[in-house]
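For reference, the structure is listed below as structure tokens.
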DNA sequence: TTCATGTACGAACGTTCGTACGTGAAATGC
DNA sequence: GCATTTCACGTACGAACGTTCGTACATGAA
């Protein structure tokens, strides 16, 4: 390639900001003009990085996914498999939401709700990412069960569903009601649910 | 009043359609031009009913609230207070979401996620409606506890939080993953949680 | 030093947005 | 039946949208 290479650092700066905006105002509320103005660059210059609005949206999702994996998943995978890893995963998630890694709370909560009823590439990408997260949670439950840290008759999908519910609702309630207490409730629910499962079995 | 009377039936037709659109594409995705075209009327004629976009959005929320109350709350209030009423309330909600009373799933789930990080009258209205629903659930738990159908040491807020989480997540999962099984999971979770609470206490 | 390549830019494209205005029809009160 | 009021409409507006240009500049190769 001849000519000046495209600044990859700038691209990342754009996408990081885009993810923050999208977590607050949605991937549609994320407009190229606004993004360019906030970053002090020209609309067409920014546009050139992506070629279309949809491509910008998809790239934003990829960036958010990377941040999510770095902050929530990877540190938990450093812990040995089993109940400890599961607890770490859930705790990391609550921190990730509570600390507002993205300005508008969990990026995926906001954006999933926006696109879950609109067919297309964006929804497909979000569905895949959501499935990955769901699978990871289920697999981690299964590992804990295999190690005897959860009862042998534990329904992994069911338990993952319920744990996920506590996380999502903590995020939602904290945003809509300015209720930081929601995270405390979620931690109680998680502790109780895991405690109950490892005690009595189900 | 003198002059031609405004067709109140038409207004309701507009708002019913508006609620469906908003449940799919959000209250911002709900545009006056599109709404008018779909209903076969003029943009300015429709506009006259409301006077501003925000007023249309607020009226849409009010209509959705009425529908929600009629479908979920009222039939449950016909049941005597206690555990039966609580179960009826939760079951009605799951039906309301599962049957797609609104085209894009639970209206409030979609719209809350859209506006929970955007200060203004719309967020205020949604917060109030969400608080009403939350309070109703908590109060119903308290009534069941008072009747001895739940243990005396039941934390009503905590139980309401967890039950709400199961409902919301069933709605979310069914939309994003086309997973009707999510409602089955939610029902299992509710049954287990209420069974566990009325058996062992907490 | 010259040339080819690719970037970043301002300007403008056509479209859609929410909103304001003026006109004729319709319905009321006298 | 007339006067008055109010609605529903077409039209028009400025702003913002995503996108497409043409151009100036920076770069590495010839």
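Protein chains in written order, with the numbering used here: chain A, -2 to 199; chain B, -2 to 199. We put the CB at the ideal spot given by N, CA and C, even for glycine. This one's a predicted model, so the numbers in the text were calculated from it and none came from an experiment.
Query: Quick check on the burial criterion: 16 or more other C-beta atoms within 10 angstroms. Buried or exposed for residue 165(B)?; Result: buried
Query: Are the stretch 56 to 70 of chain B and the stretch 87 to 105 of chain B touching by the rule of at least three beta carbon pairs closer than 8 angstroms?; Result: yes
Query: Are three or more beta carbon pairs between the stretch 69 to 89 of chain B and the stretch 125 to 140 of chain B nearer than 8 angstroms?; Result: yes
Query: For the stretch 106 to 120 of chain B against the stretch 49 to 63 of chain B, do three or more pairs of beta-carbon atoms, one drawn from each stretch, fall closer than 8 angstroms, so that the two count as touching?; Result: yes
Query: Could you compute how far the alpha carbon of residue 198(A) sits from the alpha carbon of residue 163(A)?; Result: For residue 198(A), the predicted model reports a pLDDT of 40, less than 50, meaning its position is unreliable and no value from the coordinates is stated.
Query: Count Cβ pairs between the stretch 170 to 181 of chain A and the stretch 122 to 135 of chain B that sit closer than 8 angstroms; are there 3 or more?; Result: yes
Query: Anyone know if the C-beta pair for residue 33(B) and residue 27(B) falls short of 7 angstroms?; Result: no
Query: Restricting to runs no shorter than 4 residues, where is the alpha helix (DSSP H) found entirely within the stretch 7 to 67 of chain A?; Result: 29 to 36, 40 to 47 and 50 to 65
Query: I want to see whether chain A comes within less than 7 angstroms of residue 198(B), judged by CB atoms only; does it?; Result: Note that residue 198(B) scores 41 on pLDDT, short of 50, meaning its location in the model is unreliable and no value can be drawn from it.
Query: Could you check what DSSP says for residue 96(A) in three-state terms: helix, strand or coil?; Result: coil
Query: Could you give the residue range of the alpha helix (DSSP H) that holds residue 118(B)?; Result: 118 to 143
Query: So, does the CB of residue 124(B) fall closer than 7 angstroms to a CB anywhere in chain A?; Result: yes
Query: Distance, Cα to Cα, residue 122(A) vs residue 14(B)?; Result: 29 angstroms
Query: Rounded to whole angstroms, how far is the Cβ of residue 53(A) from the Cβ of residue 29(A), which I believe are closer than 8 angstroms?; Result: 7 angstroms
Query: Nearest chain B C-beta to residue 192(A) closer than 7 angstroms, yes or no?; Result: no
Query: Within 7 angstroms (strictly less), CB to CB, does residue 74(A) reach chain B?; Result: no
Query: Using a cut-off of 8 angstroms between C-beta atoms, extract the partners of residue 169(A) located in chain B.; Result: 109, 110, 113 and 165
Query: Let me check understanding here. Comparing Cα to Cα, which of 167(B), 104(B), 183(B) and 44(B) lies closest to residue 23(B)?; Result: 104(B)
Query: Taking its Cβ as the centre, do 16 or more other Cβ atoms sit within 10 Å of residue 112(A), making it buried, or is it exposed?; Result: buried
Query: When the Cα of residue 6(B) is compared with those of 35(B), 21(B), 46(B) and 39(B), which residue comes out closest?; Result: 46(B)
Query: Can you give me, in chain order, the residues of the stretch 73 to 101 of chain B that have a beta carbon less than 7 angstroms from any beta carbon in chain A?; Result: 101
Query: Just verifying my parser: in three-state terms, what is the DSSP assignment at residue 77(B)?; Result: coil
Query: Helix, strand or coil for residue 5(A)? Go by DSSP, reduced to three states.; Result: helix
Query: Taking the straight line between their C-alpha atoms, what separation do you get for residue 94(B) and residue 126(A)?; Result: 23 angstroms
Query: With distances taken between CB atoms, is the gap from residue 144(A) to residue 79(A) smaller than 7 angstroms?; Result: yes
Query: Once DSSP output is grouped into helix, strand and coil, what is the label at residue 72(B)?; Result: helix
Query: Excluding five sequence neighbours on each side, which residues of the same chain lie with their C-beta closer than 7 angstroms to the C-beta of residue 17(B)?; Result: 99 and 100
Query: Relative to chain A, which residues along the stretch 7 to 25 of chain B have a C-beta separation below 9 angstroms, given in chain order?; Result: 20, 21, 22, 23 and 25
Query: Which residue wins for smallest C-alpha separation from residue 155(A), given the options 146(B), 180(B) and 114(B)?; Result: 180(B)
Query: Could you name the residues of the stretch 40 to 65 of chain A whose beta carbon sits closer than 7 angstroms to any beta carbon of chain B, in the order they occur along the chain?; Result: none
Query: How many angstroms separate the CA atom of residue 31(B) from the CA atom of residue 4(B)?; Result: 20 angstroms
Query: So with CB distances below 9 angstroms, who are the chain A contacts of residue 106(B)?; Result: 110 and 169
Query: Within 10 Å of its beta-carbon, does residue 170(B) have 16 or more other beta-carbons around it, so buried, or fewer, so exposed?; Result: buried
Query: Along the chain, where does the alpha helix (DSSP H) containing residue 150(B) start, and where does it finish?; Result: Counting along the chain, residue 150(B) falls outside any alpha helix (DSSP H), and DSSP gives it neither H nor E.
Query: In whole angstroms, what separates the C-alpha of residue 118(B) from that of residue 9(A)?; Result: 34 angstroms
Query: Give a yes or no on whether 7 angstroms exceeds the smallest Cβ distance from residue 182(A) to chain B.; Result: yes
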